[in-house]
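One structure is given below, encoded as structure tokens.
In the working numbering, the protein residues as written are 2 to 120.
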């Protein structure tokens, strides 16, 4: 029976202890406090430029089909589909005209060579 009384006493003392702890945490607000300014509206959505999408040209060379992918008029990738065989891709490696072929699930190692300035 004493255990029940002790349990009820602890249970009733918990809200009082938490109330006094909250009251001790409250600090007075200084008189020179100003409210924060209104937040700026979020930036607008940038519309995609239709010129940034690749242009695809399909060329038939005999029984072989070649799809040429260009951005801003520059050829950067070709998909070659032979008449009897598995299609493969030719991707441009650099500005000097180096091309690499890949036909498996893993893309070839392409070292980034970004164009910083164009004159």
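Built from N, CA and C at the ideal position, the CB exists for glycine as well. Here the structure is a predicted model, which means the values were calculated and not measured.
{"Item": "Continuous alpha helix (DSSP H) assignments of at least 4 residues falling wholly in the segment 57-110", "Value": "none"}
{"Item": "Inter-stretch contact at 8 Å, needing at least 3 Cβ pairs: the segment 55-71 / the segment 79-88", "Value": "yes"}
{"Item": "Rounded distance between the beta-carbons of residue 71 and residue 1, thought under 8 Å", "Value": "There is no way to answer for residue 1, as the model of the chain reaches only from 2 to 120."}
{"Item": "Beta-carbon separation (whole angstroms), residue 60 vs residue 48, contact threshold 8 Å", "Value": "Not a contact, Cβ separation roughly 32 Å."}
{"Item": "Distance, residue 41 Cα to residue 73 Cα", "Value": "36 Å"}
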